[in-house]
Every structure is written in structure tokens, then in C-alpha cells.
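Numbering (my numbering), first residue to last: 378 to 711.
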């Protein structure tokens with residue numbers, strides 16, 4: 378059994394990660410490190426885990442017995458954690474914070490200095506699977522970036538991302554970092570509310586640019602990104618359109634070839650319903666063309682494929698497991 382631990386206590390994503398690890402057949406969850414909640418049951422923060430009363434938060438910072446550590450902190454707290462804790466070199470680290478994602482050389486250098494020489498690999502399996510398998514430190518993509526990038530990888534690999542991108546993405550209001558019950562973006566306080574936030578300036582735009590350049594070095598096109606908080610509980614519904622002079626049949630061929638050996642991405646001929654992916658680690662992609670304009674629709678569960686599920690997928694790859702282990706989940710819809 379693989380011994381794993383979690384650093385962090387709050388956020389819907391942490392609750393989802395705990396649930397996935399508890400039910401993973403090759404994993405034992407040894408500790409959830411959160412000194413501010415030491416001795417409390419995890420269900421005090423995550424009421425949905427009420428049946429796991431044996432799991433309590435600890436302040437024991439000895440990680441030497443672990444093989445994998447998930448660091449589930451925001452950027453400021455993650456930096457403080459790495460500054461004050463020396464982790465064993467043999468420990469595999471999977472980090473959720475934005476600032477540790479290797480989006481440019483300056484950030485990579487700062488991360489290595491902060492984390493005792495660790496260099497983090499960008500953890501999108503559909504783009505970077507081989508590198509993840511060989512890595513000791515991996516950063517989990519943001520949920521917006523994940524859904525958009527997965528939908529564009531095959532075209533970037535064929536050097537076809539050569540026009541301005543227009544992206545509109547609606548995300549459920551149970552955000553990864555939001556805390557159950559007490560957050561202003563908890564679903565009880567978001568009922569019937571739809572809001573646009575950080576249009577054209579959302580920080581994950583830079584993440585999208587980085588990933589597309591990794592697939593296509595010549596990519597320099599602007600990304601016009603409109604992120605929207607929806608009035609549904611969870612999921613990400615991303616629509617990207619741009620000009621491309623390739624037939625739809627040829628484009629679909631590229632997608633089927635690329636994702637043929639990827640377990641969590643499906644190409645669908647009909648427009649997807651977000652309920653098809655809620656509570657799963659799957660992405661569904663739909664393609665349509667209007668004249669020169671291609672529309673790519675990509676839907677995911679923002680807490681699983683856009684967060685905890687991808688983190689477990691990363692762990693499976695790093696540890697040499699079958700990538701679907703612990704992630705064969707059924708959607709909520711019938």
C-alpha cells in the first residue's frame with residue numbers, strides 16, 4: 378500500500394481528495410496535516426465526510442514515513458509551508474497552489490529556491506503524461522485552464538493554433554478553494570446568481586498560454602477569456618472558438634488519434650450536458666464548425682477532473698499504477 382498524506386484542511390477540493398484517497402484500493406491515508414485544527418475530525422470542516430470519524434487533523438509534521446504528499450494550500454500558505462518544512466528527497470509532492478505552477482523560467486527558479494531544489498512538472502496528464510511518470514514534484518493545473526487546454530491539445534500538437542482565441546467558461550460555484558458552509562461562494566449563498574469575474578485578466582489565462590506554447594512553440598495568439606460563476610453547484614462548461622482552415626472531419630480525426638490512449642477524455646458528437654461529468658474524472662469534448670470558425674466545447678467536474686481527480690491521476694502515474702485506479706466514478710445523472 379502507498380502511504381500518503383495531505384497538507385491543508387479547507388476547500389471543497391480537499392474534501393473530495395480525502396474521499397478519493399480513502400476509497401483508493403492501493404492507498405492508505407496516513408495523515409491530514411492542519412495544525413490549526415489539530416484533534417478535530419475532518420467532518421467538522423467537511424460535513425459530507427461524517428462517516429469517517431477516525432480521520433482527525435494532526436500537527437505531526439514528520440513526513441518521513443510517507444511516499445506521496447498532497448499540498449493543498451493557497452499560494453501564500455504553500456510558500457510558508459515549504460519555507461518552514463524540509464521534506465524528504467524521496468517524497469513525491471503534488472501541489473495545488475498557483476504560484477508553484479512552472480509557467481516561466483523565473484517562477485521555476487524561485488520555486489526551486491523555495492522548495493530545496495525541487496522542480497515541479499506541470500501536471501496535465503493529457504499533455505504531459507510521460508514527464509509526470511518520471512517526476513518527483515508535480516503541480517496540479519487550475520480548473521479553468523484544465524478544461525480549456527484539454528479541449529485544444531490535439532490542434533496545438535498539429536501546429537494549428539494560429540488565430541485569436543475567444544473563450545467563455547462557466548464554472549459551478551463550489552470552487553476548489555471555497556470552504557463548505559462558511560464561504561461566500563457556498564451554494565446556499567449563490568442560488569440564482571451568475572457573475573462575470575476578472576474578464577480578460579484572469580490569472581489562469583497565463584496558464585493557458587503556457588500550456589499551448591508547450592504543445593506548439595510558435596503559439597503567440599491572444600486569448601480573450603471570459604470566466605463566469607454559474608448558478609449550478611459544480612462543473613466547468615468551456616466554449617472556445619477561433620478560425621481554422623481545416624475540415625471538421627480532419628479535426629475530429631486528430632482528436633480521436635490523440636485521445637485514443639487517454640482514459641478520461643471522450644469525444645462526443647452531440648452537445649454535452651454538464652451532468653454527464655459531475656462526480657467523475659472525465660472530460661467530454663464536442664466539436665462544431667461554422668464557416669472558418671471552430672467551436673470546441675469541453676466539460677468537466679471542476680472539483681474532480683479540475684482538481685482532486687487529476688491529483689489522484691497524477692499520483693497513479695508517479696507511482697506506476699494503472700491511471701484509472703480509484704477514479705472509475707459514475708456521474709450523478711442517469
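We put the CB at the ideal spot given by N, CA and C, even for glycine.
The count of Cβ pairs closer than 8 angstroms, one atom from the region 573-583 and one from the region 649-664, stays below three, leaving the stretches out of contact. Judged by DSSP secondary structure, residue 456 falls within the alpha helix (DSSP H) whose first and last residues are 452-461. Where residue 671 is concerned, there is no enclosing alpha helix (DSSP H), although the beta strand (DSSP E) around it starts and stops at 670-677.
For residue 399, the uninterrupted alpha helix (DSSP H) segment begins and ends at 389-399.
The DSSP-derived three-state label of residue 606 is strand. With fewer than 16 other CB atoms across the displayed protein chains lying within 10 angstroms of its CB, residue 412 is exposed. In this structure, the CA atom of residue 414 is about 8 angstroms from the CA atom of residue 436. For residue 627, the number of other beta carbons within 10 angstroms of its own is below 16, and it is reported as exposed. DSSP places residue 640 outside both helix and strand once states are collapsed to three, so it counts as coil. Around the beta-carbon of residue 378, fewer than 16 other beta-carbon atoms lie within 10 Å, marking it exposed.
In summary, residue 479 is buried, with 16 or more beta-carbon neighbours lying within 10 Å of its beta-carbon over all protein chains present. Segment contact: the region 688-704 against the region 664-679, fewer than three CB-CB distances shorter than 8 angstroms; contact not assigned. For residue 383, the enclosing beta strand (DSSP E) covers residues 379-384. DSSP places residue 447 in the strand class (E or B) of the three-state scheme. Exposure of residue 597 is indicated by the presence of fewer than 16 other C-beta atoms within 10 angstroms of its C-beta. For residue 632, the three-state secondary structure derived from DSSP is helix.
Three or more pairs of CB atoms, one per stretch, sit closer than 8 angstroms, so the region 534-551 contacts the region 597-608. DSSP places residue 510 within a helical segment (H, G or I) once states are collapsed to three. Here residue 533 carries a helix assignment [DSSP, helix/strand/coil]. Per DSSP, the continuous alpha helix (DSSP H) segment holding residue 690 begins and ends at 686-695. Residue 498 and residue 641 have their C-alpha atoms some 20 angstroms from each other. When secondary structure is reduced to three states using DSSP, residue 469 falls in the strand class.
Straight across, the Cα-Cα distance linking residue 398 with residue 689 is about 8 angstroms.
380 is the residue among 422, 380 and 605 whose C-alpha sits nearest the C-alpha of residue 403. In the three-state DSSP reduction, residue 492 falls in the coil class, being neither helix nor strand. For residue 588, the secondary structure class from DSSP, reduced to helix, strand or coil, is helix.
Each residue's CA atom was taken as its position, placing residue 446 and residue 636 some 29 angstroms apart. Counting along the chain, the unbroken beta strand (DSSP E) around residue 548 starts and ends at 542-548.
Judged by pairs of C-beta atoms under 8 angstroms, the region 601-611 does not touch the region 484-503, as fewer than three such pairs exist. Distance from the CA of residue 401 to the CA of residue 423, rounded to the nearest whole angstrom, comes to 19 angstroms. Under the criterion of beta carbons closer than 8 angstroms, residue 525 and residue 585 qualify as touching, at roughly 6 angstroms.
The residue among 665, 630 and 639 with its C-alpha nearest the C-alpha of residue 647 is 665.
Bounds of the alpha helix (DSSP H) holding residue 526 are 520-527. For residue 623, same chain residues with a beta-carbon under 7 angstroms away, outside a window of 5 residues either side, are 537 in chain order. Distance from the CA of residue 517 to the CA of residue 587, rounded to the nearest whole angstrom, comes to 14 angstroms.
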